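Okay, so here's the structure we're looking at.
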Amino acid sequence: MKLWLCIAFAGNCLAQKPNEKYQYHIHPASAPIKVDGVAEDQGWESAETATDFFMITPMDTSFSRARTEVKMTYDNDHMYILVINYKTVKGSIIVESLKRDFTFGKNDNFLLFMDTFDDRTNGFSFGANAAGAPWDGQMGDGGTVDLSWDNRWVSHVKNDDDKWVWEAAIPFKSIRYKSGISRWGINFSRQDLTISEKSAWAPVPKQFPSASLAYTGVLVWDQPPPNPGANISIIPFSATRLTRDFQNDKPNKYKTSIGGDVKIGLTPSLNLDLTVNPDFSQVDVDVQQTNLNRFELFFPERRQFFLENADLFANFGYATIRPFFSRRIGLGVPIQFGARMSGKINKKWRVGVLDVQTGSQDTIPRNNYAVVALQRQVFARSNVRFIYINRDAVNYSHEKNANTNRYNRNIGAEYNLASVNNLWTGKVMFLKSFTPGKSGDDFVHAADLKFSKANFFWQWQHEYVGKNYNAEVGYVPNAIRNGYYKISPTMGYLFFIKNPKIISHGPKVVTNIYWDKQMSLSDRELTFSYNVNFITRATMSAYVTNNYTRLLRPYDPTNLGKEQLATGTEHKWTSAGFEIVSGPQSHFTYTFAGIFGGYYDNGHRTNLRTELGYRIQPYVAITMAGNYNDIHLPAPWNRTQLWLVGPRVDVTFRNNLFFTTFMQYNNQADNINLNARLQWRYKPASDLYIVYTDNYLPENFMVKNRAIVLKFTYWWNL
């Protein structure tokens, strides 16, 4: 049925792009441009102006109330953009901080989305908030923006009572594009929180993000963009680390390391990345989670080497069926070197090749990780993907490495459906693994189809995971069920109303049902929710969930290493919950959520979660997150109280000097973590970091271990 539907929609996929008539014509600058946020350079005088933006939210049926004017031009090395954002209330701006890659929903901002391959699938985003904090990210899957991507470019924001002006110069060497083409997809997006409005130059339906590349207009070049020529960047680093293990009474340990990355632009659209002895000590600390799940928790990749064109490797499959998850590489062992080639071969084909070598440690052998990914665009926005993943132990010893397989391999193919207007999306996927001693029933099949309009959406998804399927370099937490079938139908409806406070409200039903290999029910989760969306961007929802679980292996419902519930025992319960999220306009923001009801073994669970935020704009943002679980179970567990508390302070002295301190108290992990980081971006994409980390015992605040890192990076373009 899914295949038939895909074929039925093929004609629709070949249709003209919805916003073809919105065209911006870009010409060379008539004079040099100085990036200072002042719209007086002679080079802007002959540039075309894009204005008359369309409202996206709260409604998409009129022009924007916030007036915006955009100009673009270029020279041999840079593309320039000038944006005049007229204020709807004199002197007013709402921003979170000067922090780079700010949270979109909490800032007045302007963003540029560029489909540099004109495929409505991949591209780049640049922008700034009204205080001058820059934003840059790589785009994939039709509109997802990966803000971990970082590159060299310059921008400046200037404010007065009537407007804020953003001016930027983006080097052609900093982006990837297909040489010889004179049409890019483009859209401009403005958010004005003072009037709770989001708008765009080329209209975007309100059910889609403004980043949706399906709804870009056209950037028409008077001639193909210039070839950037040789594009080689060398990014060396040096780092000094001081660590001490107080628990085991070890003396101070000093370690100095050097290494770096090399970026080579093989073509304007194909890039080669090399790394030697990489160091990731400056990466943001993971936000901890209370784990009351039978399955592994997910933490996102933040390491720069793995991020460019990451969608080619990391987005294959579903959120819980990923054959490749880069955080498996270098887990507990150092990465010695790596190479990654990724990008566009031509308008239809994308390629990704990754090879990383890790060192050995204790019982973990040296491993080589190799990944090859191919993507072929079909129709207007759909694509077919292929992937091959290989982990091979280089110096494997059966006696020393008995707990590790000598190799693990995965191959897979998927078809991703995306209609020209984004109303229909879906996927069909197949995976097969190869592991010593595991053969037969070692494959995965999954598929979904989603229809999404402004007031109505539905989705069908089903999965089958074989009992011997094994993705050692992936993330498939449900695979521990030893083979399962799953269906996940979802449906929702929104009533749009004329009300001075409420935009829409409506119900949503989500179902997840699992069967084991004998087609006996193992898990069922049915959730009915009702959701309300306010003009101010605040949201409120209430829901009821009914659960059934038949345990397929022993499980401790507190995850504290206590007694375990027996395999085969059945558990049923019903719970109710709510979530209230404030609008982002106020200096004080909040989220309140709770779950009340049953739990395993006829127990009871109360969960309360909150996040409180206060900003002294644009310099200080303070947040306090808390998660409390009160679990009542029969003996031997009795009552268990779990706390996870995380205060965080972000100080942005200016848009190139940042200080963050983050403390996390987690009594489930019996740990208090303190992480403080100072970052000085002394030149574009070049940084000095000082990172301080402590781990404490909660009961007496004794230090378990401590680390201080000083790291220096420099981005050098040849």
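Sequential numbering from -9 applies to the sequence shown in the working numbering.
Beta carbons: idealized from backbone N, C-alpha and C, even for Gly.
These numbers were taken from a predicted model, which means no experiment stands behind them.
#1: Is the region 56 to 65 touching the region 175 to 192, taking contact as three or more C-beta pairs under 8 Å?
#2: DSSP on P688, reduced to helix/strand/coil?
#3: Using CA atoms only, rank isn't needed, just tell me which of Q631, F652 and N646 is closest to V639.
#4: Measure the alpha-carbon distance for N707 versus S115 and round it to whole angstroms.
#5: Taking L209 as part of the beta strand (DSSP E), name the residues at either end of that continuous run.
#6: Please tell me whether T394 and I354 are closer than 8 Å, where the distance is taken between their beta carbons.
#7: Does DSSP classify S316 as helix, strand or coil?
#8: If you draw a straight line from the alpha carbon of S576 to that of V277, how long is it in whole angstroms?
#9: For I325, does the three-state DSSP call read helix, strand or coil?
#10: Taking a contact to mean a Cβ-Cβ separation below 8 Å, would you say V410 touches K7 in this structure?
#11: Using a threshold of 8 Å, state whether the C-beta atoms of G588 and L598 are closer than that.
#12: Just to confirm before moving on: does the CB-CB distance between D131 and W139 stay below 8 Å?
#13: From what residue to what residue does the alpha helix (DSSP H) around F303 run?
#14: Please go through the same chain and pick out, in chain order, the residues whose beta-carbon is closer than 6 Å to the beta-carbon of T230, but skip the five residues on each side of it.
#15: For V374, which of F315, N305 and W174 has the nearest alpha-carbon?
#16: To the nearest whole angstrom, what separates the beta carbons of R312 and G464, a pair I think is in contact under 8 Å?
#17: Among residues of its own chain, excluding the 5 on either side of N9, which ones have a beta-carbon nearer than 6 Å to its beta-carbon?
#18: Would you kindly report the start and end of the unbroken beta strand (DSSP E) that includes R595?
#19: For P608, count the other beta carbons within 10 Å of its own beta carbon; 16 or more makes it buried, fewer makes it exposed. Which is it?
#20: Report the CB separation of T517 from N460 in whole angstroms; it is logged as a contact under 8 Å.
#21: Closest by CA to R90, which one among P48, L321, M69 and V144?
#22: Are the region 316 to 328 and the region 343 to 358 touching by the rule of at least three beta carbon pairs closer than 8 Å?
#23: Would you check if the distance between the CB atom of N412 and the CB atom of G430 is smaller than 8 Å?
#24: Quick check: I222 and G250, are their CB atoms within less than 8 Å of each other?
#25: Alpha carbon to alpha carbon, what distance is there between T579 and N665?
#26: List the residues that DSSP assigns as beta-bridge partners of N406.
#27: With distance defined between alpha-carbon atoms, name the residue in D105, A383 and G81 nearest to D358.
#28: Return the CA-CA distance between K507 and P547, expressed in angstroms with no decimal places.
#29: Taking three-plus beta-carbon pairs below 8 Å as touching, is the region 105 to 115 in contact with the region 157 to 167?
#30: Out of N391, Y378 and Q367, point me to the one whose CA is closest to R356's CA.
#31: Between which two residues does the beta strand (DSSP E) carrying V639 extend?
#32: Do A118 and F100 have their C-beta atoms within less than 8 Å of each other?
#33: Can you tell me whether DSSP reads K7 as helix, strand or coil?
#34: In the DSSP assignment, find the beta strand (DSSP E) that holds P547 and state where it starts and stops.
#35: Per DSSP, V710 forms a beta bridge with which residues?
#36: Residues bridged to L232 by DSSP?
The answer reads as follows:
#1: Flag = yes, the region 56 to 65 and the region 175 to 192 touch.
#2: Coil at P688, not helix or strand.
#3: Distances from the CA of V639 to each of Q631, F652 and N646 were compared; the closest alpha carbon is that of F652.
#4: A direct Cα-Cα distance of roughly 22 Å separates N707 from S115.
#5: Per DSSP, the unbroken beta strand (DSSP E) holding L209 starts and ends at G207 to W211.
#6: Against a cut-off of 8 Å, the Cβ pair of I354 and T394 comes out as a contact.
#7: When secondary structure is reduced to three states using DSSP, S316 falls in the helix class.
#8: Between the alpha carbons of S576 and V277 lies a distance of about 25 Å.
#9: The three-state reading of DSSP puts I325 in strand, counting E and B together.
#10: Going by C-beta atoms, V410 is nearer than 8 Å to K7.
#11: It is not a contact, given that the beta carbons lie outside the stated cut-off.
#12: In this structure, the beta-carbon distance from D131 to W139 does not fall below 8 Å.
#13: Segment A300 to A304, the alpha helix (DSSP H) holding F303.
#14: Its chain contains T246 and L700 as the residues whose beta carbon lies nearer than 6 Å to that of T230, once the 5 sequence neighbours on both sides are disregarded; these appear in chain order.
#15: Among F315, N305 and W174, the Cα nearest to that of V374 is on N305.
#16: With 8 Å as the limit, R312 and G464 qualify as a contact, their Cβ atoms being about 5 Å apart.
#17: Closer than 6 Å at Cβ, skipping near neighbours: A192, Y205 and G207.
#18: In this chain, the beta strand (DSSP E) harbouring R595 covers G593 to I606.
#19: Under the 10 Å beta carbon count, P608 is surrounded by 16 or more other beta carbons and is classified as buried.
#20: Contact annotation, T517 with N460: C-beta distance approximately 31 Å; criterion of less than 8 Å not satisfied.
#21: Out of P48, L321, M69 and V144, the CA that lies nearest to the CA of R90 is found in V144.
#22: Yes, they touch.
#23: With respect to the 8 Å criterion, N412 and G430 are not classified as neighbours on the basis of their beta carbons.
#24: Going by C-beta atoms, I222 is not nearer than 8 Å to G250.
#25: Distance between the alpha carbons of N665 and T579: 24 Å.
#26: In DSSP, N406 forms a bridge with N373 and K417.
#27: Rather than Asp, the amino acid found at residue 358 in this sequence is Asn. Taking only the C-alpha atoms, the option nearest N358 is A383.
#28: So the two alpha carbons sit approximately 24 Å from each other.
#29: With the cut-off at 8 Å, the region 105 to 115 and the region 157 to 167 touch.
#30: It is N391.
#31: Unbroken beta strand (DSSP E) run through V639: R629 to R644.
#32: In this structure, F100 lies closer than 8 Å to A118 by Cβ.
#33: Note: K7 maps to coil in three-state DSSP.
#34: Judged by DSSP secondary structure, P547 falls outside any beta strand (DSSP E); it is assigned neither H nor E.
#35: Residue numbering for the chain in the displayed model covers -9 to 708; residue 710 lies beyond these limits and cannot be assessed.
#36: Answer by DSSP bridge pairing, in chain order: Y244 and I698.
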